[in-house]
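Participant:
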Amino acid sequence: MESSDEQQSSPLPQQYSLLHDVLGSATAGIISRIVTHPLDTVKARLQAPSSSFATYRGPIDAIIQTYRHEGIRSLYGGFGAVIVGGTPGTVLYLTGYAFFRDTLSSLASNWGGNNTFNSNNKPALSQGQEFGIHFSSGMLAEAVTCIIYVPVDVVKERIQVQSRESLISNNNSLRKPQSYHYNGSLDALQQIIRTEGMKGIYRGYWATLASFGPFSALYFVFYERCKDWSKQILQDSKTDNTNAKRMDDGDLPLLYVVACSAGSGALASWLTSPLDMAKLRLQVQRGQTAAASNNTSQTTLYRGMFDCLKAAYKKGELFRGAGARVLHFAPATTVTMTAYEKCKNFYADTLP
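Converting from the sequence shown to the numbering used here requires adding 775 to each position, the first position being numbered 1.
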């Protein structure tokens, strides 16, 4: 009877293959983008330079005004780039994090000569080691994934903010740079390469990594810790602790997965909002400068991320768009991680 119980509670990760991880992360990425892309567009417009969001009173007002004046298509600006490039990026991001986490955990366990495993069949590590591993794994996964994410992010955000800039230019009788108008993701990519070269696509790599790296690192620290707390709560609530001690991530009830991913995403996105704001303004600035190099006096030029953060702080705009960022990332991470955990289980159960 005891052997039968142990067989039923055998660790679930051993049943996963790379195919299950890839399919689960790809499905999660697509579902998440469809649901949350309008919120991402609103975040980009609120975080753009002041003249671009002066008429918005907040995220909800931005959604209503954008839809009313520009239609649903504008809310999904840059969606093509996100699906084509972002889906492989999501796959690389989630599978990469799992790879770095498991590799670093094994190295830390072997380095200390500790080959013991905890009740979840993972290397027994101290809380400090777990923090370092999850933080480092998040940063490493983001560093690798930014090779794909940066071009996608540049194209997406240029398209997301361009309509608003053109509208304001018309209302204020200002110059309207025709060359800074994109007819879609492919056209935007071609124009950026033609006017700025390949460096224009990857020039924001370090700024993007400085923004999303800390977010990913903090997110996975919070998410992994929250899952451990959830397992402990479920374990303490059972009279027979045998099965609870062997609980794996895929065994967590849906409500717990949603709570862990939503809370972690909201906290990490709010803490790193100033970095994301600076990254976006630098990316938009490069497009404006390339489109109108002979008339830069109308645009505030930032010398780098620190200079942008300092200027935003002086204007009281350091957390401008933070609410919209939380409104985007909280559901985005919730949908992504919940879909990833559950889709991975689904593919493991249905595919050979």
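Here a beta-carbon is modelled for each residue, glycine too, at the ideal position from N, C-alpha and C.
1) Can you tell me whether DSSP reads His-844 as helix, strand or coil?
2) Could I get the ranges of all uninterrupted beta strand (DSSP E) runs contained in the segment 975-1000, with 3 residues as the minimum, in chain order?
3) Ordered along the chain, which non-local residues of its own chain (more than five positions away) have a Cβ less than 8 Å from that of Tyr-977?
4) Taking the alpha helix (DSSP H) that Val-1032 falls in, what are its first and last residues?
5) Report, in whole angstroms, the separation of the C-beta atoms of Thr-870 and Val-797, which I expect to be a contact under 8 Å.
6) So, is Cys-844 buried or exposed, given that buried needs 16 or more other C-beta atoms within 10 angstroms?
7) Are the CB atoms of Leu-915 and Ala-875 within a distance shorter than 8 Å?
8) With distances taken Cα to Cα, identify the nearest neighbour of Ile-806 among Lys-1013, Val-866 and Arg-1000.
9) By how many angstroms is the C-alpha of Ile-908 removed from the C-alpha of Arg-848?
10) Mind checking which residues open and close the alpha helix (DSSP H) that includes Arg-832?
11) Just the Cα atoms here: how many angstroms apart are Gly-988 and Tyr-868?
12) Count the other CB atoms within 10 Å of the CB of Arg-1100; is the residue buried (16 or more) or exposed (fewer)?
13) Spatial neighbours of Asn-947 within its chain, please: C-beta separation below 7 Å, excluding the five flanking residues on both sides.
14) Between Tyr-980, Ile-968, Arg-933 and Glu-971, which has its C-alpha nearest Tyr-957's C-alpha?
15) If you run the structure through DSSP and keep just helix, strand and coil, what is Tyr-957?
16) Starting from Ile-806 and walking both ways along the alpha helix (DSSP H), at which residues does that stretch end?
17) Output the distance between the C-alpha atoms of Leu-1102 and Ala-1043, rounded to the nearest integer angstrom.
18) Just how far apart, CA to CA, sit Ser-1039 and Lys-1089?
19) Can you name, in chain order, every residue of its own chain whose Cβ lies under 7 Å from the Cβ of Gly-959, other than the five neighbours on each side?
20) Compute the distance between the beta-carbons of Leu-1093 and Leu-1084, then report whether it is under 8 Å.
21) Can you tell me whether Asn-1120 is buried or exposed, with buried defined as 16 or more other CB within 10 angstroms of its CB?
Facilitator: On the basis of the coordinates in this document:
1) Here DSSP, grouped into helix, strand and coil, assigns His-844 to helix.
2) If we require 3 residues or more, the segment 975-1000 turns out to have no beta strand (DSSP E) run fully inside it.
3) Val-925 and Pro-926
4) Val-1032: member of the alpha helix (DSSP H) spanning 1029-1046, first to last residue.
5) 6 Å
6) Sequence check: residue 844 is His here, not Cys. Exposed.
7) Looking at the sequence provided, one finds Phe at residue 875 rather than Ala. A contact, by the Cβ cut-off of 8 Å.
8) For Ile-806, the nearest C-alpha among the options comes from Val-866.
9) 41 Å
10) Careful: Arg-832 lies outside any alpha helix (DSSP H) and carries neither H nor E.
11) 11 Å
12) Buried is the call here.
13) Reliability fails at Asn-947, whose pLDDT of 47 lies under 50, so the model's placement of it is uncertain and no value is given.
14) Closest by alpha carbon: Arg-933.
15) coil
16) 793-822
17) 12 Å
18) 29 Å
19) Gly-855
20) yes
21) Burial state of Asn-1120 is buried, judged by a 10 Å Cβ sphere holding 16 or more other Cβ atoms.
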